[in-house]
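Using full-length UniProt numbering, the final residue of the sequence shown is 221, and nothing's skipped along the way.
In this text, a Cβ means the ideal position worked out from N, Cα and C, and glycines have one as well.
Because the structure is a prediction, the values reported are computed rather than measured.
Notes to accompany the following structure.
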Amino acid sequence: MRVNVLQHTPNEGPGSIQEWADLHQHDFYVYHPYQFGILPVAATTDLLVVLGGPMSPNDDLPWIKQERQLIKQLFQEGKPVLGVCFGAQQIVKTLGYQVKKAPVKEVGWGPVKLQSKLISGLPESLEVLHWHEEMFDIPKEADVLFSNANLQNQGFVLGKQAVGLQFHLEPEKDNIKEIVVNDAQYLSGSVFKQTTKQIIEHPVPKENKRAMFRILDYLTE
């Protein structure tokens, strides 16, 4: 299987997603369309992972629209897509639904609770890294997967076709350091009111990697 990853900023990489791919001996390719303008093609994509980034899917940039064309083609071919943060928003926009300003800005560690049993083996709650101030509508074809007290639409599952997460399960300890030291100014105004030190020193729950692996297994079973 060939796993193609779309990365949108240097400090938000695939983290444990790459570990999952290596464990299963999948071919693993990372693209940087925001910098090089190059995207994979559907014919050589068995699983597409669309990562987070500081941009919005509402931005009028050619590569953002080209990403959605790729997602649309993969949907037509029945190939799975995982979206994280901006990536989940891209899936929603591809399906014709809205991405808009969230009622609160979530940056830092916070809980989410499971809302659907469609993916077996996921824990009832997780402590995850949030890094966003926009939110997506849940497509009518999809089920709400995760919610919290701040935002109902924290994740969705669209059959075996797609999973979208507004938060981050993929970062490992060093990945979180990289995110924080390069984007610390984004903490301003967050509902969690955490410092850079608190975020970096917060243990990465082992359940996060297990949940990410379970979601990836579900999409590729």
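Buried or exposed by the 16-neighbour rule on C-beta atoms within 10 Å, applied to residue 223
The structure shown does not extend to residue 223, since the chain is modelled only from 1 to 221, so the question has no answer here.
Inspect the beta-carbon positions of residue 71 and residue 84 and report whether they are closer than 8 Å. no
Exercise for review: Measure from the alpha carbon of residue 64 to the alpha carbon of each residue in 89, 46, 133, then state which is nearest.
Suggested key: 89
Next on the checklist: On a Cα-Cα basis, can you pick out the residue from 191, 211, 218, 25 that is closest to residue 122?
Outcome noted: 211
Reducing DSSP to helix, strand and coil, say where residue 88 ends up.
helix
TODO: Would you identify the three-state DSSP class for residue 180, choosing helix, strand or coil?
DONE: helix
**Asked** Between which two residues does the beta strand (DSSP E) containing residue 65 stretch?
**Response** It is not in any beta strand (DSSP E) - residue 65 instead sits in the alpha helix (DSSP H) that spans 62-76.
- Message: If the criterion is Cβ atoms closer than 8 Å, does the pair residue 205 and residue 126 meet it?
- Response: yes
**Message:** Restricting to Cα atoms, I'd like to know which of 191, 202, 32 is closest to residue 171.
**Reply:** 202
*Compare the beta carbon distance of residue 169 and residue 156 with 8 Å and say whether it is the shorter of the two.*
no
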